[in-house]
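Protein chains: 2
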Amino acid sequence: MEREQEFSVSCPIPLQRYPNITLAHGAGGKLMHGLIEELFLPAFSNPALDARHDSAVLSHGAVNFAFTTDSYVVQPIFFPGGDIGSLAVYGTVNDLAMAGARPWCLSAGFILEEGFPMEALWRVVQSMQQAAEHVGVCIVTGDTKVVDKGKGDGIFINTAGIGVIERDVSLSPQRVQPGDVLLLNGDIGRHGIAVMAVREGIDFETEIESDLAPLSGIVGALLEESPEVHCMRDLTRGGLATALNEIAQTAGVGIEVDENRIPVREDVQGACELLGLDPLYVANEGRFITFAAPSDAERALCVLRAHELGAGASIIGSVTDSSSSRVIIRSAIGVPRILDLLSGEQLPRIC
Amino acid sequence: MEREQEFSVSCPIPLQRYPNITLAHGAGGKLMHGLIEELFLPAFSNPALDARHDSAVLSHGAVNFAFTTDSYVVQPIFFPGGDIGSLAVYGTVNDLAMAGARPWCLSAGFILEEGFPMEALWRVVQSMQQAAEHVGVCIVTGDTKVVDKGKGDGIFINTAGIGVIERDVSLSPQRVQPGDVLLLNGDIGRHGIAVMAVREGIDFETEIESDLAPLSGIVGALLEESPEVHCMRDLTRGGLATALNEIAQTAGVGIEVDENRIPVREDVQGACELLGLDPLYVANEGRFITFAAPSDAERALCVLRAHELGAGASIIGSVTDSSSSRVIIRSAIGVPRILDLLSGEQLPRIC
Numbered sequence: 016m017e018r019e020q021e022f023s024v025s026c027p028i029p030l031q032r033y034p035n036i037t038l039a040h041g042a043g044g045k046l047m048h049g050l051i052e053e054l055f056l057p058a059f060s061n062p063a064l065d066a067r068h069d070s071a072v073l074s075h076g077a078v079n080f081a082f083t084t085d086s087y088v089v090q091p092i093f094f095p096g097g098d099i100g101s102l103a104v105y106g107t108v109n110d111l112a113m114a115g116a117r118p119w120c121l122s123a124g125f126i127l128e129e130g131f132p133m134e135a136l137w138r139v140v141q142s143m144q145q146a147a148e149h150v151g152v153c154i155v156t157g158d159t160k161v162v163d164k165g166k167g168d169g170i171f172i173n174t175a176g177i178g179v180i181e182r183d184v185s186l187s188p189q190r191v192q193p194g195d196v197l198l199l200n201g202d203i204g205r206h207g208i209a210v211m212a213v214r215e216g217i218d219f220e221t222e223i224e225s226d227l228a229p230l231s232g233i234v235g236a237l238l239e240e241s242p243e244v245h246c247m248r249d250l251t252r253g254g255l256a257t258a259l260n261e262i263a264q265t266a267g268v269g270i271e272v273d274e275n276r277i278p279v280r281e282d283v284q285g286a287c288e289l290l291g292l293d294p295l296y297v298a299n300e301g302r303f304i305t306f307a308a309p310s311d312a313e314r315a316l317c318v319l320r321a322h323e324l325g326a327g328a329s330i331i332g333s334v335t336d337s338s339s340s341r342v343i344i345r346s347a348i349g350v351p352r353i354l355d356l357l358s359g360e361q362l363p364r365i366c
Numbered sequence: 016m017e018r019e020q021e022f023s024v025s026c027p028i029p030l031q032r033y034p035n036i037t038l039a040h041g042a043g044g045k046l047m048h049g050l051i052e053e054l055f056l057p058a059f060s061n062p063a064l065d066a067r068h069d070s071a072v073l074s075h076g077a078v079n080f081a082f083t084t085d086s087y088v089v090q091p092i093f094f095p096g097g098d099i100g101s102l103a104v105y106g107t108v109n110d111l112a113m114a115g116a117r118p119w120c121l122s123a124g125f126i127l128e129e130g131f132p133m134e135a136l137w138r139v140v141q142s143m144q145q146a147a148e149h150v151g152v153c154i155v156t157g158d159t160k161v162v163d164k165g166k167g168d169g170i171f172i173n174t175a176g177i178g179v180i181e182r183d184v185s186l187s188p189q190r191v192q193p194g195d196v197l198l199l200n201g202d203i204g205r206h207g208i209a210v211m212a213v214r215e216g217i218d219f220e221t222e223i224e225s226d227l228a229p230l231s232g233i234v235g236a237l238l239e240e241s242p243e244v245h246c247m248r249d250l251t252r253g254g255l256a257t258a259l260n261e262i263a264q265t266a267g268v269g270i271e272v273d274e275n276r277i278p279v280r281e282d283v284q285g286a287c288e289l290l291g292l293d294p295l296y297v298a299n300e301g302r303f304i305t306f307a308a309p310s311d312a313e314r315a316l317c318v319l320r321a322h323e324l325g326a327g328a329s330i331i332g333s334v335t336d337s338s339s340s341r342v343i344i345r346s347a348i349g350v351p352r353i354l355d356l357l358s359g360e361q362l363p364r365i366c
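Respectively, the protein sequence lines represent chains C and R. Each number in this note's numbering comes from the position in the first sequence (counting from 1) with 15 added on. Each number in this note's numbering comes from the position in the second sequence (counting from 1) with 15 added on.
Put into structure tokens, the structure is as follows:
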């Protein structure tokens with residue numbers, strides 16, 4: 016008892032208010048950020064972690080490596096445009112790409128629930144391997160655990176990835192500065208809607224496919240052409256709005272975006288209205304934002320548009336010197352409003 | 016449907032016999048090895064993975080790295096001598112050590128169940144950090160997912176680790192050869208019994224504590240003194256018997272061990288009899304075997320015994336040129352028997 020009391024006194028999360036983990040603690044909004052900022056980061060603090068990047072950047076000798084991890088708990092595990100296997104490969108590859116790294120190798124940790132169909136496991140494993148071959152990365156080490164029926168949910172996959180930062184680039188939220196131009200590589204919201212449609216059993220007129228795609232190719236093309244890129248971030252849990260807020264807070268800058276310039280497909284917009292979702296907060300798995308120096312922004316846009324994953328790229332805003340670290344969005348008729356982190360969850364188990 | 020059929024035809028596991036995942040597929044015995052050898056390894060095949068080592072060994076320039084992953088699903092999460100947090104750090108550190116690597120950095124992926132007590136999370140996180148500091152490794156990147164109540168079991172943790180192989184050593188099952196001497200660093204079975212005692216609510220006269228410990232220090236000492244070490248393996252899921260069988264099969268050699276020389280504490284032996292377990296198959300988290308050239312075996316034993324984690328070290332057997340890849344154990348009265356992999360599970364969710 017004494018030991019428990021000692022721990023509970025020092026727990027940095029107010030236990031009376033949040034005695035237990037809620038779904039919102041994993042959904043990308045304010046509670047999740049509180050958990051990370053108040054509990055995980057102070058406990059584990061070290062320079063690589065404190066950089067709050069998608070990947071940790073580590074130096075060994077003259078070589079810089081990127082290292083990242085993600086667990087995938089998406090439900091359902093098969094969805095239009097992908098499955099938990101391809102997601103587990105591309106999701107982690109994309110986090111490496113955001114640090115400017117060429118993906119080198121992946122680990123795969125499976126947590127299977129007793130009773131999970133062997134044939135589904137086989138489909139997922141094949142999908143992982145196809146995805147890995149597509150980006151030229153190997154799954155070099157793995158682990159399998161099985162938990163009792165009712166103590167898991169079919170399959171969870173963790174992948175960790177190591178990438179090699181070959182170019183002389185330094186990408187991080189801290190490098191974002193006032194004046195930077197903000198680019199987005201295409202329309203938003205498709206991954207979240209594709210998963211939700213299957214989960215909720217909704218049939219849209221046309222099937223909406225996830226935008227799931229590996230971003231290492233387009234990022235490689237961009238970095239080769241346009242060295243004055245300061246930061247990139249992929250728009251996963253919590254969508255565009257969350258990524259913008261994370262960067263604004265870490266960099267200590269303001270960000271202004273123009274809603275008119277953010278592409279949302281009509282069917283996605285319709286589905287969002289039906290489901291009561293804001294596409295700005297819906298998860299993507301093949302979309303990322305780039306902060307570029309103003310002088311290089313047009314060049315960056317050209318490179319993005321020349322790549323199949325950036326055909327719909329646009330400049331959507333810029334960085335301001337507001338010290339409030341706020342994200343402001345101007346609506347279609349030019350009215351500004353604050354785009355904040357969500358308080359609770361919008362879409363649990365979307366990745 | 017057609018797509019499903021196509022996949023199911025080619026699934027390498029006989030689906031009529033094993034249509035679904037069972038607990039035994041994760042318990043370290045024959046079914047788990049079948050799943051790895053027939054499904055995962057052929058699908059993901061590459062030289063680093065195919066080496067079947069605890070860690071993948073990867074070269075970049077002149078530097079060799081070790082990379083490994085494990086998910087931890089132990090139940091209960093707090094047990095005498097440790098908890099899921101320290102286990103997640105030391106377990107992965109030990110896999111790096113088995114490749115002769117100095118642990119460099121870890122990732123941490125949390126899968127939390129809705130309703131998990133915040134204070135327990137805080138205790139686990141503190142325990143992870145203490146363990147990481149103890150071995151001088153940093154947790155540099157992480158991820159948190161939350162799943163709905165009833166779709167998880169409190170907390171699962173995945174850690175992946177990168178280590179640097181600084182010495183000119185090459186440790187792998189393939190290097191094990193006839194004549195090699197087999198060393199063990201201490202008594203076996205304590206981790207499994209410590210966890211099972213709490214799970215089953217059994218009170219022993221004296222509390223049996225897990226042997227959970229980081230092996231990077233003792234391995235470093237060994238490698239510094241004794242270069243003719245061919246392979247090491249820690250004795251986790253499936254215990255000593257499983258590790259011996261894995262090595263015998265991968266190396267294509269026979270192994271003979273002497274039951275008299277394998278230390279089992281009296282209270283552990285008693286608990287095993289009570290629970291119907293064979294200590295040779297019970298999990299450890301601070302025990303490992305070393306295959307050394309005969310000329311260096313005594314020197315290796317001295318180094319092990321000089322370290323606090325090897326005070327009870329002994330030579331327990333040797334490698335033979337039997338082509339059957341069998342493990343033979345001689346009982347107390349000298350009668351030989353085959354020590355095989357278990358068919359089913361002995362202890363699910365022990366790590």
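The C-beta atom is built at its ideal place from N, Cα and C for all residues, glycine as well. Bear in mind the structure is a predicted one, so any value in this text is a computation, not a measurement.
**Study point:** Residue-chain proximity (N275 of chain R, chain C), Cβ-Cβ < 8 Å
**Key:** The residue you call residue 275 of chain R lines up with position 260 of the second sequence. N275 of chain R does not count as touching chain C.
Practice item. Quickly, what does DSSP pair R352 of chain R with across the bridge? List them, please. Key: In the second sequence, the residue the question calls residue 352 of chain R occupies position 337. The partner list for R352 of chain R (beta bridge, DSSP) reads R:I344.
Practice item. Give the secondary structure of T107 of chain C by DSSP, where H, G and I count as helix, E and B as strand, and everything else as coil. Key: As a first step, residue 107 of chain C must be located in the first sequence, where it is residue number 92. DSSP places T107 of chain C in helix when its eight states are reduced to three.
Check your understanding: Alpha carbon to alpha carbon, how far is M133 of chain R from L127 of chain R?
Key -> Locating residue 133 of chain R in the second sequence gives position 118, counting from the first residue. Locating residue 127 of chain R in the second sequence gives position 112, counting from the first residue. M133 of chain R and L127 of chain R: Cα-Cα distance of roughly 10 Å.
Exercise for review: Verify the CB distance criterion: does Y105 of chain C have a CB-CB separation below 8 Å to chain R?
Suggested key: On the first sequence, position 90 is the one that residue 105 of chain C refers to. No - not a single Cβ of chain R is within 8 Å of the one on Y105 of chain C.
Review point. DSSP state of M246 of chain R, grouped into three classes?
Key: Your numbering for residue 246 of chain R matches position 231 in the second sequence. At residue 246 of chain R the sequence reads Cys, which differs from the Met that was named. Of the three classes helix, strand and coil, the one that applies to C246 of chain R here is strand, per DSSP.
Practice item. Determine the DSSP secondary structure at C120 of chain C, reduced to helix, strand or coil. Key: Position 105 of the first sequence, counted from the start, is the residue given in the question as residue 120 of chain C. Three-state DSSP puts C120 of chain C in a strand.
Review point. Who are the near neighbours of F22 of chain R in its chain, counting only those whose CB is closer than 7 Å to its CB and skipping five residues on each side?
Key: For the purposes of this step, residue 22 of chain R is taken as the residue at position 7 of the second sequence. For F22 of chain R, the predicted structure reports a pLDDT of 48, less than 50, and the residue's modelled location is therefore unreliable. A value from the coordinates is still provided. Answer for F22 of chain R: no residue qualifies.
Check your understanding: By how many angstroms is the C-alpha of H68 of chain R removed from the C-alpha of G285 of chain C?
Key -> Here the question's residue 285 of chain C lines up with position 270 in the first sequence. Here the question's residue 68 of chain R lines up with position 53 in the second sequence. Whole-angstrom Cα-Cα distance: 51 Å.
Practice item. May I ask you to report which of helix, strand or coil DSSP gives Q20 of chain C? Key: Here the question's residue 20 of chain C lines up with position 5 in the first sequence. Any answer about Q20 of chain C is weak, because its pLDDT of 42 lies below 50 and its placement is not dependable; what the coordinates show is given next. Helix, per DSSP.
Practice item. Consult DSSP for K45 of chain C and reduce its assignment to one of helix, strand or coil. Key: Here the question's residue 45 of chain C lines up with position 30 in the first sequence. If DSSP states are grouped into helix, strand and coil, K45 of chain C belongs with the helices.
**Study point:** For T159 of chain C, the nearest candidate out of R:P29, R:I172, R:A315, R:E243 (CA to CA)
**Key:** By 1-based counting over the first sequence, the position of residue 159 of chain C is 144. For the residues R:P29, R:I172, R:A315, R:E243, the minimum Cα distance to T159 of chain C belongs to R:I172.
Check your understanding: Alpha carbon to alpha carbon, what distance is there between I223 of chain C and M16 of chain R?
Key -> Counted from its first residue, the second sequence places residue 16 of chain R at position 1. Counted from its first residue, the first sequence places residue 223 of chain C at position 208. At M16 of chain R the pLDDT is 36, less than 50, meaning the model places this residue with poor confidence and gives no usable figure here.
Check your understanding: So C366 of chain R is in the beta strand (DSSP E); what residue range does that whole segment cover?
Key -> Here residue 366 of chain R refers to the residue found at position 351 of the second sequence. Taken as a continuous stretch (DSSP letters only), C366 of chain R belongs to no beta strand (DSSP E), as it is neither H nor E.
Review point. Which stretch, first to last residue, makes up the alpha helix (DSSP H) that contains E215 of chain C?
Key: Taking the first residue of the first sequence as 1, we reach residue 215 of chain C at position 200. Its alpha helix (DSSP H) spans residues 205-215.
Check your understanding: Among R:V104, R:V318, R:P118, which one has its Cα closest to the Cα of F125 of chain R?
Key -> Within the second sequence, the letter at position 110 stands for residue 125 of chain R. Comparing Cα positions, the closest option is R:V104.
Practice item. Report, in whole angstroms, the separation of the C-beta atoms of G269 of chain C and Y296 of chain C, which I expect to be a contact under 8 Å. Key: Your numbering for residue 269 of chain C matches position 254 in the first sequence. Your numbering for residue 296 of chain C matches position 281 in the first sequence. Going by Cβ atoms, the distance from G269 of chain C to Y296 of chain C rounds to 19 Å, so no, they are not a contact pair.
Review point. In the structure shown, what three-state DSSP assignment does L186 of chain R receive?
Key: By one-based count along the second sequence, residue 186 of chain R stands at place 171. In the structure shown, L186 of chain R sits in coil (DSSP, three-state: anything other than H, G, I, E or B).
Practice item. Please decide whether M16 of chain R counts as near chain C, where near means a Cβ-Cβ distance under 8 Å. Key: If you number the second sequence from 1, residue 16 of chain R lands on position 1. Interpretation of M16 of chain R is limited by its pLDDT of 36, a score under 50 that renders its predicted location unreliable; the figure taken from the coordinates is listed afterwards. It does not: the Cβ of M16 of chain R has no partner Cβ on chain C nearer than 8 Å.
Point to revise | Nonlocal neighbours in the same chain, by C-beta distance under 6 Å from Q20 of chain R, ignoring five residues either side | key: On the second sequence, position 5 is the one that residue 20 of chain R refers to. Only weak support exists for where Q20 of chain R lies, its pLDDT of 42 falling under 50; the value from the coordinates is given anyway. The answer is none, since no qualifying residue turns up.
Exercise for review: Could you check the C-alpha separation between L56 of chain R and Q141 of chain C for me, to the nearest Å?
Suggested key: Start at 1 with the first residue of the second sequence, and residue 56 of chain R comes out as number 41. Start at 1 with the first residue of the first sequence, and residue 141 of chain C comes out as number 126. When rounded, the distance between both Cα atoms is 11 Å.
Check your understanding: Below 8 Å between beta carbons: does that hold for D249 of chain C and V334 of chain C?
Key -> The count along the first sequence starts at 1 and reaches residue 249 of chain C at position 234. The count along the first sequence starts at 1 and reaches residue 334 of chain C at position 319. Result no, Cβ atoms of D249 of chain C and V334 of chain C do not sit closer than 8 Å.
Practice item. Output, in chain order, the set of chain C residues within a Cβ distance shorter than 7 Å of K160 of chain R. Key: Against the second sequence, residue 160 of chain R aligns to sequence position 145. By Cβ distance, chain C contributes G41, S86, V88.
Review point. Exposed or buried, what is I217 of chain R when buried is set at 16 or more other beta-carbons lying within 10 Å of its beta-carbon?
Key: Locating residue 217 of chain R in the second sequence gives position 202, where the first residue counts as 1. Under this definition I217 of chain R is an exposed residue.
**Study point:** Neighbour list for S225 of chain R in chain C, Cβ cutoff strictly below 8 Å
**Key:** Within the second sequence, residue 225 of chain R is the residue found at index 210, counting from 1. Residues of chain C passing the Cβ test: none, with the nearest at roughly 17 Å.
Exercise for review: Return the CA-CA distance between A312 of chain R and C153 of chain C, expressed in angstroms with no decimal places.
Suggested key: For this step, residue 312 of chain R is matched to residue 297 along the second sequence. For this step, residue 153 of chain C is matched to residue 138 along the first sequence. Distance between the alpha carbons of A312 of chain R and C153 of chain C: 37 Å.
**Study point:** Minimum Cβ-Cβ distance from R364 of chain R to chain C less than 8 Å
**Key:** Counting from 1 along the second sequence, the entry for residue 364 of chain R is found at position 349. So yes, R364 of chain R belongs to the interface.
Review point. Which residues of chain R have a Cβ atom closer than 9 Å to the Cβ of D163 of chain C, listed in chain order?
Key: If you number the first sequence from 1, residue 163 of chain C lands on position 148. Chain R residues near D163 of chain C: L38, Q90, D168, P363, R364.
**Study point:** Host alpha helix (DSSP H) of D311 of chain C (start-end)
**Key:** One-based indexing of the first sequence puts residue 311 of chain C at position 296. Taken as a continuous stretch (DSSP letters only), D311 of chain C belongs to no alpha helix (DSSP H), as it is neither H nor E.
Review point. Taking only beta-carbon atoms, is G76 of chain C less than 8 Å away from chain R?
Key: As a working note, residue 76 of chain C is residue 61 in the first sequence. Answer yes: the Cβ-Cβ gap between G76 of chain C and chain R drops below 8 Å somewhere.
Point to revise | Cβ-based burial, S346 of chain R [other Cβ within 10 Å; buried from 16] | key: Walking along the second sequence from the start, residue 346 of chain R turns up at place 331. Under this definition S346 of chain R is an exposed residue.
Review point. If you drop the 5 nearest sequence neighbours on each side, which residues of the same chain put their C-beta closer than 8 Å to that of F219 of chain C?
Key: Residue 219 of chain C sits at position 204 when you count from the first residue of the first sequence. Cβ within range, chain order: A212, D282, G285, A286.
Review point. I think C246 of chain C touches F306 of chain C, with their Cβ atoms under 8 Å apart; what is that distance to the nearest whole Å?
Key: Your numbering for residue 246 of chain C matches position 231 in the first sequence. Your numbering for residue 306 of chain C matches position 291 in the first sequence. Contact holds; Cβ gap of about 4 Å.
Check your understanding: For the alpha helix (DSSP H) that L237 of chain R lies in, which residues bound it at each end?
Key -> Residue mapping note: residue 237 of chain R aligns to position 222 of the second sequence, counting from 1. Element bounds for L237 of chain R: 231-240.
Exercise for review: State the Cα-Cα distance for the pair T83 of chain C and E288 of chain R, rounded to the nearest angstrom.
Suggested key: Taking the first residue of the first sequence as position 1, residue 83 of chain C is located at position 68. Taking the first residue of the second sequence as position 1, residue 288 of chain R is located at position 273. Straight-line Cα distance between these residues: approximately 44 Å.
Practice item. Kindly list the residues whose CB is nearer than 7 Å to the CB of F131 of chain C, restricted to its own chain and excluding five residues on each side of it in sequence; keep chain order. Key: In the first sequence, counting from the first residue as 1, residue 131 of chain C sits at position 116. Contacts found: G169, I170.
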